[in-house]
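*Asks:* Sharing a structure, written as structure tokens. Questions coming.
Number of protein chains: 2
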Amino acid sequence: MKVTIKMIAEEAGVSMTTVTNVLKNRTDRVSKEKIELINDIIKKYNYTPNMNARSLANSSSNLIGLLYHSVGGRIDFSDPFVSELLAGIEEKTKDNGYFVLVYNIETVDDVIKVQKNWKFEGFIIVGLSENSFEEIHKNIPSDTPIVFVDTHLTADMEKEFINLPNRYIISSEDRQAGHEATKFLISQGHRKIGFLGFTFNENEPGVINERFYGFKKALQESSISFDYRFFFTDKEFEKITDVLEEITALVVSSDYLAINLIHYLRMRGLYDKKKLSIIGFDDVSYAKFLDPPLTTIRLNQKNKGIIAFNLLNKAIHGESVDKITNLSGDLIVRESVTNVASKIGKQARRKNEK
Amino acid sequence: MKVTIKMIAEEAGVSMTTVTNVLKNRTDRVSKEKIELINDIIKKYNYTPNMNARSLANSSSNLIGLLYHSVGGRIDFSDPFVSELLAGIEEKTKDNGYFVLVYNIETVDDVIKVQKNWKFEGFIIVGLSENSFEEIHKNIPSDTPIVFVDTHLTADMEKEFINLPNRYIISSEDRQAGHEATKFLISQGHRKIGFLGFTFNENEPGVINERFYGFKKALQESSISFDYRFFFTDKEFEKITDVLEEITALVVSSDYLAINLIHYLRMRGLYDKKKLSIIGFDDVSYAKFLDPPLTTIRLNQKNKGIIAFNLLNKAIHGESVDKITNLSGDLIVRESVTNVASKIGKQARRKNEK
DNA sequence: TTGAAAGCGCTACCAC
DNA sequence: GTGGTAGCGCTTTCAA
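Residue numbers (full-length UniProt numbering), protein chains in the order written: chain Y, 1 to 354; chain C, 1 to 354.
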């Protein structure tokens, strides 16, 4: 049998209001004796309020929407990159008394749907492009805070963004990460370097776009010209096999993609880590267990999830929060990159590994 | 501005009841013209009903609770074993118009909490021991269906379970899996075989317990006696190093644990796949990318998630459903197990790999 | 066919 | 301090 405020009020011989006041800890409005009495009854029946009624009555709900954006099913929970973020969020969220509704959004309609169906305290939305960002931002009332994870904005848009109330961004320094990854390859003597990433829109900022930008910048700084023949998307593994003799290294936009490529090549007897160095991004939990252990830029997704929640939590409580947070990546040197410049440095390659 | 039924009714010049009837497709109670008119308005405002109000008024909610049981934080979303299940569930769930609330439960109180806070259509609960199973089962009304994933019951309990309305179980044939894994090691000439698993209660059935049972059975069938010195928990890696010279193979209760062990040994210079064969369970997505590629029993978590949802969905709609579903595992032969019996068979070891 | 009204459980406002 | 009550948006029962 469901226990309600009314029942508690009856048993205690008080009004519903008084019970509510006790529930809400408005101690100045209820006498000490009643507080105790009511609390005892609450405990006795193990009463917990009905969230639907509560959400209906006011606007609070303790519900947080974790929305994953996926175009064409690209985002998959089995990708550790995704689940590690979730791990971070889930952990904090529960400790703070929230509930998380996980929803995969493909179109704006999906957002409108969750949005109207439930009352949310706030949203954490992952992986939105700038275009989708605008649409979605407009469709969620400005009194509901949103933390956008891994959304990148053009400079113009960013200026606007700064003034948007209740909208926050947390992402990695993807440009810097791409730059660092590439610089590392160059430092190891590589000159013919390719780039492999999930398909992205070159005219719109985004995680991969940013990494690609950092990649090109690093090449440029070393006066290396980039040959677009060495640019590949995740659908073009076979194109890579064609130029295997021409490139010595590859910047791959995620560990996940990197190991898939290695596997693809290996199955065809084409993988030789001495001849093709590979650096990834993320440092997923098993990157160090791979063959070869992956050299990568650690982005620490779990930590990102924790911070995303903290931002949201503060925003919900009306505390002031940084509009844009950028987490820097760390180069993790393992064994998928070979030094082709000299024989020295083989030791150094392990420095980051414990 | 939120659109409500009332507003729609006003604009259409009808009563709320009529709008509801259209919403519910009760076409026999409304005239054709009004149906069209109302539908137009609904479309125009992109109306979607408020779930909180709806849930409050009736008992439906379109909400499914995905509850992960973790004692001492053992279950972690970054463990692919967990996230792959979620991937399967999320996929189906959305297609069928449900929303998923993900919650990590540690105690029965946690269950009571979610349970009273929200109205759920049903639950998918993962990783419950028999004891917790009973407690939780009792605390959720019997008209709410629950699918228990990976819960194992003793024979007595199982008899009772069969008659419990709205309770279902889906799990893997863990005993058979343990048996198969061990038999494979034996077929490869191993005789000194150890077992490594997360700590478990020997008196209570459970995933690892079952695998261990199958393990012992296989040994027995080959008249190999089991030495408890070769039994290890996840906290006892160093105990393994002590007997490294004595055992030639290890059955490890999950891929996740297996790679952690390999890494642990490798870091100490103690890993030699020729001298220590390892077989895991799950076949997590990256098992084939590891060094060495892991020989394992594939359990297909994603598929399990899909099936779990299907069971629940049918149960919610009152269709009859199998009380207990068992998914069999498949031996996937890769390279972490060495044939110590003969020189032949090295070819065969690759047969399962594409 | 259509509509009025009660009630789901809770909160906030206002009165005593 | 305490209590009454309207109302959140929706569904269902009963009446017209």
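Glycine is no exception: its CB is placed at the ideal position from the N, C-alpha and C atoms.
Within 7 Å of any Cβ in chain C, is that where the Cβ of Y45 (chain Y) sits?
*Replies:* Translated into the one-based positions of the first sequence, residue 45 (chain Y) becomes position 45. No, no contact with chain C.
*Asks:* Return the residues of the segment 104-127 of chain Y that lie within a Cβ-Cβ distance of less than 8 Å from chain C, sorted by chain order.
*Replies:* N104, I112, K113, V114, K116, N117, W118, K119
*Asks:* Within 7 Å of any Cβ in chain C, is that where the Cβ of D227 (chain Y) sits?
*Replies:* Within the first sequence, residue 227 (chain Y) is the residue found at index 227, counting from 1. Not closer than 7 Å to any Cβ of chain C, the Cβ of D227 (chain Y) fails to qualify, so no.
*Asks:* So which residues on chain Y does L261 (chain C) lean against when the C-beta distance must stay under 8 Å?
*Replies:* Translated into the one-based positions of the second sequence, residue 261 (chain C) becomes position 261. In chain order: nothing, as chain Y lies at least about 11 Å away.
*Asks:* Find the nearest neighbour of N260 (chain C) within the set C:L294, C:D242, C:F230, judged by alpha-carbon distance.
*Replies:* Within the second sequence, the letter at position 260 stands for residue 260 (chain C). Selected option, being the one with the closest Cα: C:L294.
*Asks:* Tell me, please, whether the CB atom of N352 (chain C) is closer than 7 Å to any CB atom in chain Y?
*Replies:* The sequence position of residue 352 (chain C) within the second sequence is 352, counting from 1. Confidence at N352 (chain C) is low in this model, with a pLDDT of 47, below 50, so its placement is unreliable and the value that follows should be read with caution. N352 (chain C) does not count as touching chain Y.
*Asks:* Residues of chain Y with CB under 7 Å from residue 370 (chain C), in chain order?
*Replies:* For chain C, the structure presents residues 1 to 354; residue 370 (chain C) sits outside this window and is missing.
*Asks:* Are the C-beta atoms of V102 (chain Y) and some chain C residue less than 7 Å apart?
*Replies:* Taking the first residue of the first sequence as position 1, residue 102 (chain Y) is located at position 102. It does: the Cβ of V102 (chain Y) has a partner Cβ on chain C nearer than 7 Å.
*Asks:* In whole angstroms, what separates the C-alpha of K43 (chain C) from that of G97 (chain C)?
*Replies:* In the second sequence, residue 43 (chain C) corresponds to position 43, counting from 1. In the second sequence, residue 97 (chain C) corresponds to position 97, counting from 1. Each residue's Cα considered, the two are about 18 Å apart.
*Asks:* Quick one: any contact between the segment 241-254 of chain Y and the segment 177-189 of chain Y, if contact means 3 or more CB pairs under 8 Å?
*Replies:* yes
*Asks:* What are the boundary residues of the alpha helix (DSSP H) that G280 (chain Y) is part of?
*Replies:* The residue you call residue 280 (chain Y) lines up with position 280 of the first sequence. Counting along the chain, G280 (chain Y) falls outside any alpha helix (DSSP H), though it belongs to the beta strand (DSSP E) covering 277-282.
*Asks:* Of all the options C:K24, C:R26, C:N339, which has the alpha carbon lying nearest to the alpha carbon of K183 (chain C)?
*Replies:* Counting from one through the second sequence, the residue named residue 183 (chain C) turns up at place 183. When each option's Cα is compared against that of K183 (chain C), the closest is C:N339.
*Asks:* Less than 7 Å between CB atoms is the rule here; does F99 (chain C) satisfy it with respect to chain Y?
*Replies:* To locate residue 99 (chain C), count along the second sequence from 1; it is residue 99. Chain Y, which has a Cβ nearer than 7 Å to the Cβ of F99 (chain C), makes this yes.
*Asks:* Quick check on the DSSP output: what are the complete alpha helix (DSSP H) runs of length 4 or more inside the segment 114-154 of chain C, in order along the chain?
*Replies:* Complete alpha helix (DSSP H) runs here, min 4: 130-139.
*Asks:* At a Cβ cut of 8 Å, what residues of the segment 288-308 of chain C count as close to chain Y, listed as they run along the chain?
*Replies:* K288, F289, L290, D291, P292, P293, K302
*Asks:* Below 8 Å on the Cβ atoms is my guess for N104 (chain C) versus K94 (chain Y); work out the distance and round it to an integer in Å.
*Replies:* Counted from its first residue, the second sequence places residue 104 (chain C) at position 104. Counted from its first residue, the first sequence places residue 94 (chain Y) at position 94. Contact holds; Cβ gap of about 6 Å.
*Asks:* Quick one: what's got a C-beta closer than 7 Å to F313 (chain Y)'s C-beta in the same chain, skipping five residues either side?
*Replies:* Counted from its first residue, the first sequence places residue 313 (chain Y) at position 313. Per the sequence presented here, residue 313 (chain Y) reads as Asn, with Phe not at that position. N96, listed in sequence order.
*Asks:* List, in chain order, every chain Y residue whose beta-carbon is nearer than 8 Å to that of S55 (chain C).
*Replies:* Your numbering for residue 55 (chain C) matches position 55 in the second sequence. Per Cβ cutoff of 8 Å: N52.
*Asks:* For E330 (chain C), name the three-state secondary structure that DSSP assigns.
*Replies:* Position 330 of the second sequence, counted from the first residue, corresponds to residue 330 (chain C). The question names Glu, yet the displayed sequence has Asp at residue 330 (chain C). D330 (chain C): strand per DSSP, three-state reduction.
*Asks:* Measure how close the beta-carbons of S253 (chain C) and R211 (chain C) come, nearest whole angstrom, since I'm counting them as under 8 Å.
*Replies:* Residue numbering aside, residue 253 (chain C) sits at position 253 when the second sequence is read from its first letter. Residue numbering aside, residue 211 (chain C) sits at position 211 when the second sequence is read from its first letter. Indeed they touch by this definition, with Cβ atoms about 6 Å apart.
*Asks:* Taking 7 Å as the threshold (C-beta atoms), are I146 (chain Y) and R167 (chain Y) in contact?
*Replies:* For this step, residue 167 (chain Y) is matched to residue 167 along the first sequence. For this step, residue 146 (chain Y) is matched to residue 146 along the first sequence. Cβ distance < 7 Å, so R167 (chain Y) and I146 (chain Y) count as in contact.
*Asks:* Give every residue of the same chain whose Cβ lies closer than 8 Å to the Cβ of G194 (chain C), excluding the five residues on either side of it in the sequence, and list them in chain order.
*Replies:* Position 194 of the second sequence, counting from 1, holds the residue named residue 194 (chain C). These residues qualify, in order along the chain: F230, F231, F232, I240, V243, I247, A249, L250, V251.
*Asks:* Inspect the beta-carbon positions of I297 (chain C) and A177 (chain C) and report whether they are closer than 7 Å.
*Replies:* To locate residue 297 (chain C), count along the second sequence from 1; it is residue 297. To locate residue 177 (chain C), count along the second sequence from 1; it is residue 177. In contact: I297 (chain C) and A177 (chain C) (Cβ atoms closer than 7 Å).
*Asks:* Kindly indicate the opening and closing residues of the beta strand (DSSP E) around L67 (chain C).
*Replies:* The residue you call residue 67 (chain C) lines up with position 67 of the second sequence. 63-69 is the extent of the beta strand (DSSP E) around L67 (chain C).
*Asks:* Suppose contacts are defined by Cβ-Cβ distances below 7 Å. Is I169 (chain Y) in contact with I324 (chain Y) by that definition?
*Replies:* Walking along the first sequence from the start, residue 169 (chain Y) turns up at place 169. Walking along the first sequence from the start, residue 324 (chain Y) turns up at place 324. Yes, the Cβ-Cβ distance between I169 (chain Y) and I324 (chain Y) is below 7 Å.
*Asks:* Quick check on DSSP: helix, strand or coil for V243 (chain C)?
*Replies:* Indexing the second sequence from 1 puts residue 243 (chain C) at position 243. DSSP places V243 (chain C) in coil when its eight states are reduced to three.
*Asks:* Tell me the DSSP secondary structure of R350 (chain C) in three-state form.
*Replies:* Locating residue 350 (chain C) in the second sequence gives position 350, counting from the first residue. Since pLDDT at R350 (chain C) reaches only 45, below the 50 mark, its modelled position is unreliable, and no value is offered.
*Asks:* Nearest to F161 (chain Y) by alpha carbon, out of Y:P292, Y:Y68, Y:D322?
*Replies:* For the purposes of this step, residue 161 (chain Y) is taken as residue 161 along the first sequence, with counting starting at 1. The shortest Cα separation from F161 (chain Y) among Y:P292, Y:Y68, Y:D322 belongs to Y:D322.
*Asks:* What are the uninterrupted segments assigned as alpha helix (DSSP H) that are 4 or more residues long and contained completely in the segment 254-318 of chain C, given in chain order?
*Replies:* Taking only runs of at least 4 residues, the alpha helix (DSSP H) segments lying wholly in the segment 254-318 of chain C are 255-267, 301-316.
*Asks:* So for T233 (chain Y), helix, strand or coil by DSSP?
*Replies:* If you number the first sequence from 1, residue 233 (chain Y) lands on position 233. Note: T233 (chain Y) maps to strand in three-state DSSP.
*Asks:* I'd like to know whether the C-beta of K274 (chain Y) is nearer than 7 Å to at least one C-beta of chain C.
*Replies:* As a first step, residue 274 (chain Y) must be located in the first sequence, where it is residue number 274. No, K274 (chain Y) lies away from the interface with chain C (no Cβ there is under 7 Å from its Cβ).
*Asks:* If you draw a straight line from the alpha carbon of V257 (chain Y) to that of A287 (chain Y), how long is it in whole angstroms?
*Replies:* As a first step, residue 257 (chain Y) is located in the first sequence; it is residue number 257 there, counting from the start. As a first step, residue 287 (chain Y) is located in the first sequence; it is residue number 287 there, counting from the start. At residue 257 (chain Y) the sequence reads Leu, which differs from the Val that was named. C-alpha separation (whole angstroms): 12 Å.
*Asks:* Measure the Cβ-Cβ separation of E84 (chain Y) and N326 (chain Y) and say whether it is below 7 Å.
*Replies:* Counting from one through the first sequence, the residue named residue 84 (chain Y) turns up at place 84. Counting from one through the first sequence, the residue named residue 326 (chain Y) turns up at place 326. No. Outside cutoff.
*Asks:* Just reading off the alpha helix (DSSP H) that F198 (chain C) is part of, what are its end residues?
*Replies:* Locating residue 198 (chain C) in the second sequence gives position 198, counting from the first residue. That residue, F198 (chain C), is in no alpha helix (DSSP H); it is neither H nor E in DSSP.
*Asks:* Just the Cα atoms here: how many angstroms apart are A341 (chain C) and A218 (chain C)?
*Replies:* Translated into the one-based positions of the second sequence, residue 341 (chain C) becomes position 341. Translated into the one-based positions of the second sequence, residue 218 (chain C) becomes position 218. Cα to Cα, the separation comes out at about 18 Å.
*Asks:* Flag N83 (chain C) as yes if its beta-carbon sits less than 7 Å from any beta-carbon of chain Y, otherwise no.
*Replies:* By 1-based counting over the second sequence, the position of residue 83 (chain C) is 83. Sequence inspection shows Ser at residue 83 (chain C); the Asn mentioned does not correspond to that position. By this cut-off, S83 (chain C) is an interface position.
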